[in-house]
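Chemist: Quick one: this structure, given as structure tokens, is what I'll be asking you about.
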Amino acid sequence: MMSSSTQPTSDLVTEGLKFWPGRHGPENFRTVLTLQAGFTDQITAADMLRNSLIVASGIAGATTLLSLLAAYGLVWFRLRLAGAFLWITLATLLLPLESRFITTFQVTSALGLINTYTGMILPAVMVAVGTLFFRQLFLSFPGEYLEAARLDGAGPWRFFSDFILPLSRERGGAIFVVSFMIGWNQYLWPLLISTDESHYTLVRGIRLIGQESGPGMALVVLTILPPLLLVIIFQRWFLRALSDQKESF
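Here our numbering = 1-based position in the sequence shown + 6.
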């Protein structure tokens, strides 16, 4: 795919995919970044890249933050119904977004969030798995952490910022990476919730440019680069968090 993205369209049409690089890479990428596509020719790959980054970052950030806060409340506040709340949260895994499109769309529409980034992000936030991972991490912390914080006069928020956040950095980074990749690859929900071409994402925009062309292959390469780079940059945190998770279970 990456080699074919550097080939001229004529060669791809007549000869198929190539396994060696060509000389048209800069031209293909420049073309796809500036090419105006869509029904009204008002969206470019650069615009779709920006939309995908906003949506994926929003989903990943909200998932990580809400999961962290939920697990913090369940473990450290010693709620009487903490176990029930945890199972209710995990029960949401039985209802993926695709199974509740109609009701979710009705609620999103009633809130006036059609064709907005907020409408594309909030329904796709995934709190259950992140809450479980953070909860298992917090249960492995010694109870002396909380006692030491109380002796220092630290309240819940200071304990959260001074103790919990630094110790949860690697686990949070792993959850952020996974959530980012899931958010980046969202297709059906952005397709349903956004009728305005200005909110098209890269995954949705692949169909706007023929994949048999050089620029089309360049667009596919652009689609996989951001999550790939994110995994490469945070691979140490990701792998360490996974190994810690296995030990905590």
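Where a beta carbon is used, it is the ideal one built from N, C-alpha and C, also for glycine. Remember, predicted model here, so these are calculated numbers, not experimental data.
Would you decide whether W82 is buried or exposed? Buried here means 16 or more other CB atoms lie within 10 Å of its CB.
Modeler: For the purposes of this step, residue 82 is taken as residue 76 along the sequence shown, with counting starting at 1. So W82 counts as buried.
Chemist: Would you check if the distance between the CB atom of N191 and the CB atom of P232 is smaller than 9 Å?
Modeler: Counting from 1 along the sequence shown, the entry for residue 191 is found at position 185. Counting from 1 along the sequence shown, the entry for residue 232 is found at position 226. In this structure, P232 does not lie closer than 9 Å to N191 by Cβ.
Chemist: How would you label Q13, buried or exposed, when you count the other beta carbons within 10 angstroms and need 16 or more for buried?
Modeler: By 1-based counting over the sequence shown, the position of residue 13 is 7. By the 10 Å Cβ count, Q13 comes out buried.
Chemist: With a threshold of 16 other CB atoms inside 10 Å of the CB of L208, please say whether the residue is buried or exposed.
Modeler: Within the sequence shown, residue 208 is the residue found at index 202, counting from 1. Buried, because 16 or more other Cβ atoms sit within 10 Å of the Cβ of L208.
Chemist: From E153 to S105, what distance separates their C-alpha atoms?
Modeler: To locate residue 153, count along the sequence shown from 1; it is residue 147. To locate residue 105, count along the sequence shown from 1; it is residue 99. Near 44 Å, if we compare the C-alpha coordinates of S105 and E153.
Chemist: In the DSSP assignment, what residue or residues form a beta bridge with I238?
Modeler: By one-based count along the sequence shown, residue 238 stands at place 232. BP columns for I238 are empty, so no partner.
Chemist: If you check the beta carbons only, do F165 and F240 fall under 9 Å apart?
Modeler: Along the sequence shown, read from residue 1 onward, the residue named residue 165 stands at position 159. Along the sequence shown, read from residue 1 onward, the residue named residue 240 stands at position 234. Contact flag unset, no.
Chemist: Which value, in whole angstroms, describes the spacing of the CA atoms of F186 and T70?
Modeler: As a first step, residue 186 is located in the sequence shown; it is residue number 180 there, counting from the start. As a first step, residue 70 is located in the sequence shown; it is residue number 64 there, counting from the start. If you take the alpha carbons of F186 and T70, they lie about 10 Å apart.
Chemist: In this structure, how does DSSP classify I49 when only helix, strand and coil are distinguished?
Modeler: Along the sequence shown, read from residue 1 onward, the residue named residue 49 stands at position 43. DSSP places I49 in strand when its eight states are reduced to three.
Chemist: Compute the distance between the beta-carbons of T114 and L103, then report whether it is under 9 Å.
Modeler: As a first step, residue 114 is located in the sequence shown; it is residue number 108 there, counting from the start. As a first step, residue 103 is located in the sequence shown; it is residue number 97 there, counting from the start. Cβ atoms of T114 and L103: not closer than 9 Å.
Chemist: Mind reading off the beta-carbon distance from A66 to G189? Whole number of angstroms is fine, and I expect it under 8 Å.
Modeler: Residue 66 sits at position 60 when you count from the first residue of the sequence shown. Residue 189 sits at position 183 when you count from the first residue of the sequence shown. Confirmed, about 6 Å.
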